[in-house]
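Asks: Once you've had a glance at the structure underneath, I'll fire off some questions.
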Amino acid sequence: MKYFVPLLLVLLMAGFMPLNLFAAPVESLTAEQVRILGERMYREGILPSGEPMLAFAAGEIPVEATTFTCISCHLRSGLGSVEGEVITPPATGRILYELREPYMKGNEFVPSYHSYAVTLPARPAYTDETLAKMIASGVDPNGRSTMKVMPRYQIEDDDMAILIAYLKTLSSEFSAGASKEFLHFATVIVDGTDPAEIESMVLPLQFSVDRKNSLATASQNNARVARMAYNMLGPDLLAKRFTLERWVLKGPSSTWYSQLENFYKKNPVFALLGGISHGDWEPVHRFCEDNQLPNIFPLVDYPVLDENNWQTIYLSRGFRQEGEAAARYLASMSELFKERRVLQVSRDSRRGNALKDGFNDSWAQKKKAPVTDISLPVGSTLNAQQLLKIIKTQNPAVIIVWDDASAIPALRSVAQTTDWRGLLLTSGTWLGSDLWALPEDMRDDLYMTWPYRLPQENIRFDISLKRILSGRKLDDFNSEIISKAYISNEVLGKALIDMRGEYYRDFFLDSIDMLDDTYFPLYERLSFGQGQRYASKGCFIVQLGKGNNPQLERRSEWVTR
Amino acid sequence: MRNVQRRGVTSPQVLVDMGTKIHITKQEINYQVYLLSSLVLFVSLFFLSATFAQAAKTPERVVTAFLVTAYDYDPGGSGSDIDMGRSICATQCNAFSTDYLNYSEAGGWRIIKTASQEQLRLEIKNPFLEGDCLCTADRYEIRINELSYPDRNVLGEKIDHDSGSGQ
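Taken in sequence, the protein lines are chains Z and A.
Numbered by the working numbering, the letters in the first sequence go through residues 1 to 561 in order.
Numbered by the working numbering, the letters in the second sequence go through residues 562 to 728 in order.
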């Protein structure tokens, strides 16, 4: 006991040691310490002491800065945001410490640059003092108040110095992969993927790169093209050449990380575009996180689901998304069958388990009673008799079958059972082309998840795809894969134009986050938003219509997360 | 009898027209020939261009679309829960509603409103409820100019453009 108090004191001192260090003046901290502490203030609204920053919204309403963080408006890159008519100016030292004029030097005649520049008020360059005053009091060097749109932050001098030092480092040097002449990209391919699928994935990306480079060449030789391209891209992006490397990963996925390191060491690209894998993607995802390397829309069936990760933007949550949508759809009507169970039969495969887990997690989030899970071993076929027996003994309200087309005969038997009243649901995409030949007598009873735009409404979007085929036939490609890769190509172009020559990886991702909801081929709609990493968030519940040339009919709206 | 005098007439000619002698000058004949041939040429060109226009006309497909503005539930004597019915019908009617951006965003379209606030009775399509959904919707014709006409359906089969299904 006699050692308890001194021991406690030692422990407390040890515990507070970092705080004491962090409370030190900025001069005594290393650059890395400033980055860590400043980044936490900027991104999370947490002071070096660990306490939340105090802020005052609308001039006088006290709020915690953890909900009014700098990053919310100035974004991760610090280069600000443009959302509709609301423009948040950049907060990086490089720009703050420069005079702001109603034009962008060197880009005076680029329409988009001009529109942006004239919207922001001119001001003198900030100094450390005027910037601290701005953050603390909401008054800019012109004496204008920004209190209506930006909170005032109550920050002590030492902490303010750390924040300002951090802002000076924020987006201060172009990211690797971006030089004056080039923007380097790569796409990751897992060895063993079907060559036709690889070709379908690479074609739109290569088209994008080739078109851009052709434009750069043409604009040197043709004044009219040069004018058009200048107006669209600005002189900097126009002059840049793009490169696209294929990084082929071989062997077991445990070796991919080191293979990526080697590729990256040889050519530190600005971003990864697309990519394709029907299996693992986690090593690539992790590599991108560790190296702050953006990856735009890899075509993977099992994306890494981590809301806190930043670098990889997926088109959807993969197969799992269908299971999640099914749960939300059924939850909306669960009051109608609350006395009865939900039976879920899933193939014991990665796809089956992804669907099952997606359903179970979303079902649990809705606080519904657990479902009865039955696993189908790989290699077995769903047994109709077994299903009918379960129906007889348990009378489930809903039967969900996550399996391929081999389950159709069993599903048909259930659909034809006259003494069972319930809802039969499966994955429409997993049935493949057999979906279109479902026997007529089961179509009224079988509900399916469908994570894309309905085919009859999507077909006109082939027009977009044909633009990149250079005369080749769409039928020669995997239309689903080429559609997905086309989206990467389009998003890349839009984001780069919006970046106004600021080649920072974080700003690349910020610019994608700021894109409007868009109607591209395949997906009903893609929506973007700050930190959102799954662009398509929904799924339809559908049934197959009548006739020999049937169409899918919606039974739900776009069920979103 | 009608005498037509023109300046510069040199040798009058007589034509019989419904028993009436008409004096028409040579220059007048030339004038009428020009007029007639122009007319023939004009008519021919008109029909020719119309034919070409018909042939070259971009194929147009008409899709009927409904934009649902309200919904309700009719239990139809089944005694089903009205609130749940309305909830299901909200989903059902929304599902029935067309997202016209799926057509307009792809380009080449005209949308024409053909009926307002039409009340549509749809089977509820739910195994736990009976009755019908009542969807109030504006009816539109979406006329699609297939600038680059799709040549296959979802099964990868060639589309018969005349059938108009467009799947």
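Glycine included, C-beta positions come from ideal geometry on N, C-alpha and C.
Quick caveat, the model's predicted, so the values are computed rather than measured.
By the criterion of Cβ-Cβ separation under 9 Å, what are the contact partners of E64 (chain Z) in chain A?
Replies: Near E64 (chain Z) there are no residues of chain A at all, since even the closest Cβ is about 37 Å away, more than 9 Å.
Asks: Quick one: what does DSSP say G84 (chain Z) is sitting in, helix, strand or coil?
Replies: In this structure, G84 (chain Z) counts as coil in the three-state DSSP scheme.
Asks: Classify F109 (chain Z) as buried or exposed, calling it buried when 16 or more other Cβ atoms lie within 10 Å of its own Cβ.
Replies: Result: exposed.
Asks: Shortest alpha-carbon distance to G428 (chain Z) belongs to which of Z:I408, Z:K105, Z:D476, Z:A122?
Replies: Here the closest residue by C-alpha is Z:I408.
Asks: List the residues that DSSP assigns as beta-bridge partners of Y314 (chain Z).
Replies: Y314 (chain Z) pairs with Z:Y534.
Asks: Would you say L690 (chain A) reaches chain Z, if we count a Cβ-Cβ gap shorter than 8 Å as a contact?
Replies: True, the Cβ-Cβ gap to chain Z drops below 8 Å.
Asks: What residues in its chain sit with their C-beta under 8 Å from that of A651 (chain A), if we drop five residues either side in the sequence?
Replies: Result list for A651 (chain A): Y632, in chain order.
Asks: Using the three-state DSSP reduction, which class does M448 (chain Z) fall into: helix, strand or coil?
Replies: M448 (chain Z) falls in the strand class under three-state DSSP.
Asks: When the Cα atoms are used, what is the spatial distance from P90 (chain Z) to F297 (chain Z)?
Replies: Cα to Cα, the separation comes out at about 27 Å.
Asks: Just to confirm, are R341 (chain Z) and A397 (chain Z) a CB contact at a threshold of 8 Å?
Replies: A contact, by the Cβ cut-off of 8 Å.
Asks: Report yes if the C-beta distance between L170 (chain Z) and T92 (chain Z) is below 8 Å; otherwise report no.
Replies: Yes; because the gap between Cβ atoms is below 8 Å, this pair is in contact.
Asks: I'd like the list of long-range same chain contacts for V378 (chain Z), defined as Cβ closer than 8 Å, with 5 residues on each side in sequence excluded.
Replies: If we look at V378 (chain Z) and ignore the five residues flanking it on each side, its Cβ neighbours are R347, D348, S349.
Asks: Using a 10 Å radius around the Cβ and a threshold of 16 neighbouring Cβ atoms, would you call F242 (chain Z) buried or exposed?
Replies: So F242 (chain Z) ends up on the buried side.
Asks: Which residue from Z:L79, Z:E156, Z:C70 puts its Cα closest to that of V149 (chain Z)?
Replies: When each option's Cα is compared against that of V149 (chain Z), the closest is Z:C70.
Asks: By how many angstroms is the C-alpha of F508 (chain Z) removed from the C-alpha of E502 (chain Z)?
Replies: Rounded to the nearest angstrom, the two C-alpha atoms are 8 Å apart.
Asks: Compare the Cα-Cα distances from F174 (chain Z) to each of Z:R500, Z:Y42, Z:Y534 and report the closest residue.
Replies: The option with the nearest alpha carbon to F174 (chain Z) is Z:R500.
Asks: By the DSSP assignment, the beta strand (DSSP E) with F242 (chain Z) in it spans what residues?
Replies: Where F242 (chain Z) is concerned, the enclosing beta strand (DSSP E) stretches over 241-249.
Asks: Kindly indicate if chain C contains any beta-carbon less than 8 Å away from that of E322 (chain Z).
Replies: Any reference to chain C falls outside this structure, whose protein chains are Z and A.
Asks: Which parts of the stretch 183-261 of chain Z are runs of the alpha helix (DSSP H), unbroken and 4 residues or longer, counting only runs that do not cross its ends?
Replies: You should have 195-221, 223-239.
Asks: Quick check on the DSSP output: the beta strand (DSSP E) that includes D699 (chain A) runs from which residue to which?
Replies: Residues 693-706.
Asks: In chain order, what residues of the same chain have a beta carbon less than 8 Å from the beta carbon of S406 (chain Z), not counting five sequence neighbours either side?
Replies: The residues are T381, L382.
Asks: Between which residues of its own chain and P568 (chain Z) is the CB-CB distance below 6 Å, once the five residues before and five after are set aside?
Replies: In the structure as shown, chain Z starts at 1 and stops at 561, and residue 568 (chain Z) therefore has no counterpart that could be examined.
Asks: Could you tell me whether the Cβ of G640 (chain A) comes closer than 8 Å to any Cβ of chain Z?
Replies: Chain Z, which has no Cβ nearer than 8 Å to the Cβ of G640 (chain A), makes this no.
Asks: Compute the Euclidean distance between the alpha carbons of Q532 (chain Z) and L305 (chain Z), then round it to the nearest angstrom.
Replies: Distance between the alpha carbons of Q532 (chain Z) and L305 (chain Z): 11 Å.
Asks: For A676 (chain A), is the classification buried or exposed, using 16 other Cβ atoms within 10 angstroms of its Cβ as the cut-off for buried?
Replies: Looking at its Cβ environment, which holds fewer than 16 other Cβ atoms inside 10 Å, A676 (chain A) is exposed.
Asks: Would you identify the three-state DSSP class for K168 (chain Z), choosing helix, strand or coil?
Replies: Helix.
Asks: Can a CB atom of chain A be found closer than 8 Å to the CB of Y519 (chain Z)?
Replies: Cβ-Cβ to chain A under 8 Å: yes for Y519 (chain Z).
Asks: Note down, in chain order, each residue of its chain lying with its Cβ closer than 7 Å to the Cβ of E197 (chain Z), except the 5 sequence neighbours on either side.
Replies: Closer than 7 Å at Cβ, skipping near neighbours: I276, N478, I481.
Asks: Please check if any C-beta of chain Z sits within less than 8 Å of the C-beta of Y664 (chain A).
Replies: Y664 (chain A) counts as touching chain Z.
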